[in-house]
Structures are given as C-alpha cells and as structure tokens.
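These notes concern the structure reproduced below.
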Amino acid sequence: MAIPTAMLKLSLRTHLRNLSRIGIPYAAHLQRQMSSEAILGRLKEKGLLRSQAFIAGKWVDAEDGTTLPVYNPATQELLANVACVGGKETKEAITSANNAFYSWSILTAAERSKILRKWYELLMAHKEELGQLMTLENGKPLKEGLGEVVYGASFVEFYAEEAKRVYGDIIPPPLGDRRLFVLKQPVGVVGAITPWNFPLAMITRKVAPALACGCTVVVKPSELTPLTALAAAELALQAGVPSGVLNVVMGNASQIGDTLLASSQVKKISFTGSTAVGKKLMAAAAGTVKKVSLELGGNAPCIIFDDANLEVAVKGTLAAKFRNAGQTCVCVNRILVQEGIYEKFAKLFSTAVQELRVGNGLEEGVLQGPLITHAAVQKVEKHIQDAVSKGAKLLVGGKQHNLGYTFYEPTVLGDANSSMLISREEVFGPVAPLFRFKTEDEAIQIANDTQFGLASYLFTENVSQAWRVAEALEYGLVGINEGIISTEVAPFGGVKESGVGREGSKYGIDEYLEVKYVCLGNMKP
Ligand code: ADP
10 MAIPTAMLKL SLRTHLRNLS RIGIPYAAHL QRQMSSEAIL GRLKEKGLLR SQAFIAGKWV
70 DAEDGTTLPV YNPATQELLA NVACVGGKET KEAITSANNA FYSWSILTAA ERSKILRKWY
130 ELLMAHKEEL GQLMTLENGK PLKEGLGEVV YGASFVEFYA EEAKRVYGDI IPPPLGDRRL
190 FVLKQPVGVV GAITPWNFPL AMITRKVAPA LACGCTVVVK PSELTPLTAL AAAELALQAG
250 VPSGVLNVVM GNASQIGDTL LASSQVKKIS FTGSTAVGKK LMAAAAGTVK KVSLELGGNA
310 PCIIFDDANL EVAVKGTLAA KFRNAGQTCV CVNRILVQEG IYEKFAKLFS TAVQELRVGN
370 GLEEGVLQGP LITHAAVQKV EKHIQDAVSK GAKLLVGGKQ HNLGYTFYEP TVLGDANSSM
430 LISREEVFGP VAPLFRFKTE DEAIQIANDT QFGLASYLFT ENVSQAWRVA EALEYGLVGI
490 NEGIISTEVA PFGGVKESGV GREGSKYGID EYLEVKYVCL GNMKP
C-alpha cells in the first residue's frame with residue numbers, strides 16, 4: 010500500500026507542530042519539509058514508497074494492523090508508518106521462501122543471472138530516488154547516499170556474474186574403481202538481518218550472493234531505515250524475482266529474530282549489526298545448527314608512521330573516520346600517531362576536521378549529517394566526557410552542534426590513552442582520538458589490544474614496514490595508505506569478536522553454499 014500524500018502532509022504538519030512544542034525550531038524544519046515532501050511524492054509516483062511487508066510476492070499489512078513510524082533523523086519529521094510485523098508474519102515469509110526454494114534453485118545459473126542483472130539495472134536507473142530516500146531515513150549526506158546506491162548495486166551486478174562460476178571439483182581418487190566429485194549446492198532459506206547505517210548495501214551484500222546461487226531469503230531490515238529496503242524489494246519484483254524468493258519483514262526485532270532462528274526451514278543466518286545482538290543470534294542458531302555469518306562491531310586502529318605522506322594520511326584518516334558521521338563498523342576508532350609526526354599531523358588533521366560542514370544531508374556541500382538518534386549523541390558525549398576526565402585534550406569540537414538534537418560537532422581529541430572508554434569501545438560517532446606511540450612494535454601491540462578485529466589502516470611510505478605491519482595486524486581488513494577500501498570484488502569481514510564469514514568477492518558466495526562430496530564406486534574396468 011502506498012502512503013496517501015494527503016495523510017503524509019497531515020502527519021508531517023502535526024509532527025512539526027509537536028516538535029515546536031518540545032523546542033525544536035519549526036521554521037528550519039518547515040523549510041526542509043518541502044524538499045522531503047517532494048522526494049517522497051516522487052518516490053510514491055514511481056511506486057517506490059512502500060510501507061507494507063513483502064511476503065510471497067505481495068505487499069501486506071501486519072495482521073493486527075500495527076504500524077511503526079519512520080523518522081528523518083535530521084529533522085525528526087515523520088516519513089512513513091510501516092507495517093510492524095511479528096512472529097506470525099515471519100513464519101509466513103519463511104514458508105513462502107521455503108516453497109519458492111526448489112523452483113528457484115533448479116533454474117540455470119544463467120537464468121538467475123539475467124534476473125539479478127535486471128535488478129542491478131533498475132537499482133542504477135533509480136539511483137537518484139534511492140539516494141535521496143537514504144538521506145531522508147538515515148541522514149547521510151546525499152553524495153554518500155548516491156555513492157551507497159552504486160556500491161549496493163555493485164554487489165548485485167557482481168553476483169549476477171558470479172552465479173555462473175559456482176564451480177565444484179573432481180578429486181583424483183585413491184582407489185582405481187572410484188571417482189570423487191565435489192558439488193556446491195545452495196543452503197536453502199536464508200534469514201538476513203541488517204542495520205541502519207547502510208540501508209541498501211548491507212542488504213544487497215547478502216541477498217545478491219544468496220539469490221545468485223539458488224537460495225531464497227527473508228530480509229529483516231532495521232526498523233530505523235526500512236524504506237530503502239522496501240524500495241529495493243519493489244525493484245526486485247519489477248526485475249522478475251519470483252514470488253517468495255525475496256521477502257522483507259520489519260517490526261518486532263526480537264520476535265522476527267526468534268522466529269527465524271527457531272525455524273528448521275531456515276538454514277542460514279547472515280547478520281550485520283552490534284556484537285551484543287550477534288552473539289545472541291549465534292547462540293540461538295545452535296538450536297538448529299544453522300550456518301551463520303556475522304559482521305559485528307569493530308575498534309579500528311589507524312596507524313600514522315613518522316615517514317607517512319602527511320597529505321595522504323590526513324585525507325585517508327578523515328575519510329575513514331568521518332564517513333556517515335563516524336557510524337560505520339569500519340570507521341577509525343583510534344588514531345595512533347608516531348611521536349615524530351604527532352604535532353604536525355594533529356594540526357593538519359584538526360584543520361581538516363574544522364572544515365567539515367555539518368547539516369541536513371540534502372543540503373549542498375554538507376559533509377556530515379546527523380547521528381541516527383539522540384541516544385547515539387548521548388553515547389558520543391559519554392565517550393568524550395570520559396576521555397577528557399582522563400586527560401584528553403579537546404582539539405576541535407566537543408559539543409552538540411547548534412543544529413541540536415541529533416547533530417554533533419566533528420571532534421578531535423589529543424593525548425588519548427588506553428585507560429579511556431574510547432580505546433576499548435566503538436564510539437560510532439564523529440570523534441577522532443589521537444594516541445601517541447614511539448615504535449612499530451608498540452603500535453602493533455596497541456592496535457591488537459582489543460577483542461575486535463574488523464578494519465585497520467596504516468600510513469607509511471616504507472614498503473617493508475607496510476607489509477610487516479599488515480601481516481601483524483589481527484584484523485580482517487587492512488588499508489595501506491588508503492581510508493576507503495570496501496569494494497564488491499574484495500572479501501569483507503572480521504576476526505576475533507568482529508565476526509565470522511566474508512561478504513563480497515568470490516568468497517562471499519561460499520557462505521550460501523553447501524559442499525557435497527559424491528563418491529562413485531565399484532566402477533567396472
Ligand atoms: P545497531 O546498533 O546497528 O542498531 P543492532 O545489533 O541493534 O545494531 O541492530 C542490527 C539489526 O539487528 C537491526 O535490524 C535490529 O532490528 C536487529 N535486531 C536487534 N535485536 C535483535 C534480536 N534480538 N533478534 C533479531 N534481530 C535483532
């Protein structure tokens with residue numbers, strides 16, 4: 010069911026009035042309301058503004074009619090009320106995925122590839138609308154939203170191609186009258202649970218390889234950003250993905266999660282989100298011994314050595330720290346700077362951070378949007394207060410932005426140390442703490458002194474040092490002289506408590522395949 014424009018206008022106005030009552034300025038939001046409305050209107054016209062769950066190829070309400078509001082984090086305006094489903098609807102989605110599995114899995118790879126390719130083309134054809142929608146519900150600057158559409162779609166294109174390369178093996182037999190084969194087969198129904206920080210890419214990164222090799226999927230997007238997921242599902246439908254092959258449910262996260270985990274029809278869970286929830290899901294998956302892939306939290310170090318190219322190091326660190334307002338699991342959490350270059354780096358980096366323009370992501374030139382919720386701002390404040398109370402110096406920022414509520418000033422802290430909360434916990438916000446170190450060994454020791462192991466970065470002009478350190482870092486990803494390294498063609502994933510499994514690249518499709526050994530014996534001579 011598309012949302013009637015009149016209802017949308019009414020709810021926006023009511024909401025804005027309520028906002029002014031709690032002290033959030035009306036005028037500023039009214040100005041932005043116009044462009045949000047125009048965007049939502051355009052999405053609606055194209056059938057991309059969806060508010061119902063997508064089950065068995067149909068758009069459906071929650072059985073009890075419950076809905077869930079979706080807000081714009083920059084303005085707090087209500088964007089939509091979406092179906093809030095629970096266990097019952099999730100069971101229906103699982104049944105539909107299970108029913109669709111056989112006929113989808115026996116299509117030829119070329120047939121599945123063609124449908125995925127069409128989905129990719131539709132995602133790209135609607136890049137503008139999807140990018141804008143993402144900015145509305147997630148807050149990221151429009152340029153980043155558009156970038157995510159291209160990035161998210163790239164997984165669909167890549168796995169449309171990769172579908173045709175799911176090779177097995179023939180093994181030289183140990184006995185002359187035998188022949189040994191290895192077949193790769195789709196695992197079956199997949200439950201994919203995704204977060205709000207990449208509303209499209211975290212979904213395509215799971216769904217594209219799953220569909221490519223013949224699995225069917227029930228997706229549960231974040232309740233904070235379901236609109237992009239629903240628009241992507243609508244485009245999948247238009248691309249010819251058959252009924253039941255892709256389902257989308259959102260609402261009561263723990264009920265949906267429990268139902269997916271308890272079902273013996275669901276053979277695989279792929280989750281991206283917090284370490285705490287990931288651990289719960291991993292434990293629950295043991296009940297039916299499901300395959301699991303987990304992309305969890307990080308505590309990314311970024312090591313700047315004395316001989317680093319300063320310009321490259323500042324630019325790379327800035328991108329790796331402040332992308333999506335610091336709200337990605339590969340965002341730099343600790344900047345370790347060698348003592349010989351510390352002062353110079355701190356000065357140049359602070360200047361660059363001061364120039365980051367904060368605002369509504371729809372506005373031209375804005376480089377940092379709001380945080381996803383006010384609770385995220387409170388977490389940032391807690392980290393900064395803790396660091397300052399333990400001796401950190403505020404070099405830039407350090408308080409709520411005057412845009413208020415969800416906006417925070419890009420912040421740089423000097424003289425951070427290992428006693429601070431920020432050295433152990435992911436801040437998930439626009440705070441860059443600088444730590445000093447003396448030697449390469451010390452930098453490696455500090456970098457690895459965490460239970461996390463997702464992304465890491467280092468800047469040096471010394472090739473031997475670059476290799477030595479890259480090999481010593483206990484991380485799934487290492488960026489050398491580069492702050493943005495994610496791509497569909499390379500494996501993404503963590504070690505230690507940052508997760509299990511890989512997404513993207515030729516490795517990503519293995520997560521959705523079972524390996525079957527077939528032995529042909531007693532062959533006649
Ligand atoms: P984040 O801090 O990124 O929101 P979460 O781990 O809380 O990380 O959320 C990631 C995804 O996991 C979201 O889709 C959320 O709704 C979902 N989620 C949260 N709790 C549960 C749960 N108990 N079972 C299943 N999914 C959950």
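Counting in this note's numbering, the sequence shown runs from 10 upward without gaps. Here a beta-carbon is modelled for each residue, glycine too, at the ideal position from N, C-alpha and C.
Item                                                                                                                                                                        : Value
Output needed for tyrosine 168: all residues of its chain with C-beta closer than 7 Å, excluding positions within five of it in sequence on either side, in chain order.    : Leu125, Ala217, Pro218, Ala221 and Ile518
Just how far apart, CA to CA, sit alanine 441 and lysine 330?                                                                                                               : 7 Å
Using a Cβ-based criterion (distance less than 8 Å to any ligand heavy atom), does glutamate 535 qualify as near ligand 1?                                                  : With the chain covering only 10 through 534, there is no way to say anything about residue 535.
Give the DSSP-derived three-state secondary structure of phenylalanine 461 in the structure shown.                                                                          : coil
Which residue or residues does DSSP assign as beta-bridge partners of tyrosine 80?                                                                                          : Leu87
Take glutamine 435 and list the residues in its own chain whose beta-carbon comes closer than 7 Å to its own, dropping the five residues that flank it on each side.        : Per the sequence presented here, residue 435 reads as glutamate, with glutamine not at that position. Excluding positions up to five away in sequence, the list reads Gly306, Gly307, Asn308 and Asn342.
Among Phe314, Ile393 and Met429, which has the Cα closest to the Cα of tyrosine 417?                                                                                        : Ile393
On the CB-based measure, 16 or more other CB atoms within 10 Å of its CB, does cysteine 338 come out buried or exposed?                                                     : buried
Starting from valine 375, trace the beta strand (DSSP E) both ways and give me its first and last residue.                                                                  : Careful: valine 375 lies outside any beta strand (DSSP E) and carries neither H nor E.
Would valine 198 and serine 272 qualify as a contact pair, given that the criterion is a beta-carbon distance under 9 Å?                                                    : yes
Hey, how far is the Cα of threonine 225 from the Cα of valine 258?                                                                                                          : 14 Å
Quick one: give me the first and last residue of the alpha helix (DSSP H) that serine 302 is part of.                                                                       : Taken as a continuous stretch (DSSP letters only), serine 302 belongs to no alpha helix (DSSP H), being part of the beta strand (DSSP E) at 300-304.
May I ask you to check if the CB of asparagine 206 is nearer than 8 Å to at least one heavy atom of ligand 1?                                                               : yes
Between isoleucine 103 and ligand 3, is there a pair consisting of the residue's CB and a ligand heavy atom that are separated by less than 8 Å?                            : No copy of ligand 3 occurs in the structure displayed; its ligands are ligand 1 alone.
Do cysteine 340 and phenylalanine 207 have their CB atoms nearer than 9 Å?                                                                                                  : no
Please state the DSSP three-state secondary structure of tyrosine 160.                                                                                                      : helix
Hey, serine 45 and leucine 145 are a contact pair by Cβ (cut 8 Å); roughly how many whole angstroms apart?                                                                  : 6 Å
For proline 195, tell me which candidate among Ala134, Ser473 and Arg121 has the shortest Cα-Cα distance.                                                                   : Arg121
In whole angstroms, what separates the C-alpha of lysine 288 from that of glutamate 304?                                                                                    : 11 Å
Does the beta-carbon distance from lysine 229 to leucine 269 come in below 9 Å?                                                                                             : yes
Counting only the same chain and skipping the five closest in sequence on each side, list residues whose C-beta sits under 6 Å from that of alanine 245.                    : Trp128 and Leu255
Between phenylalanine 280 and ligand 1, is the CB less than 8 Å from at least one heavy atom?                                                                               : yes
Let me know the secondary structure DSSP gives proline 182 once reduced to three states.                                                                                    : coil
Taking contact to mean 3 or more Cβ pairs, one atom from each stretch, closer than 8 Å, check whether the region 102-118 and the region 379-395 are in contact.             : no
Does the Cβ-Cβ distance between tyrosine 111 and cysteine 311 come in under 9 Å?                                                                                            : no
Taking DSSP's pairing of strands, which residues face lysine 402 in a bridge?                                                                                               : Gly423
In the DSSP assignment, find the unbroken alpha helix (DSSP H) run with isoleucine 265 in it and report its ends.                                                           : 262-271
Which residue wins for smallest C-alpha separation from alanine 456, given the options Glu137, Val478, Asn471 and Asp178?                                                   : Val478
Does the Cβ of methionine 143 have 16 or more other Cβ atoms within 10 Å, making it buried, or fewer, making it exposed?                                                    : buried
Return the chain-ordered list of same chain residues with a C-beta closer than 7 Å to the C-beta of glutamate 72, the five sequence neighbours on each side being excluded. : Lys97 and Glu98
Mind pulling the alpha helix (DSSP H) runs of 4 or more residues that sit fully within the region 130-160?                                                                  : 136-147
Once the 5 residues before and after isoleucine 381 are set aside, which same chain residues still bring their CB inside 8 Å of it?                                         : Pro82, Asn147, Gly148, Trp205, Asn206, Leu233, Gln336 and Thr415
Who are the Cβ neighbours of isoleucine 33 in its own chain at under 7 Å, not counting the five residues just before and after it?                                          : Confidence in isoleucine 33 is poor, its pLDDT being 48 and thus under 50, which makes the residue's placement too unreliable to answer from.
To the nearest angstrom, report how far apart valine 421 and glycine 378 are at their CA atoms.                                                                             : 17 Å
Cβ of valine 346 within 9 Å of Cβ of phenylalanine 444?                                                                                                                     : yes
Around the Cβ of tryptophan 113, are there at least 16 other Cβ atoms within 10 angstroms (buried) or fewer (exposed)?                                                      : buried
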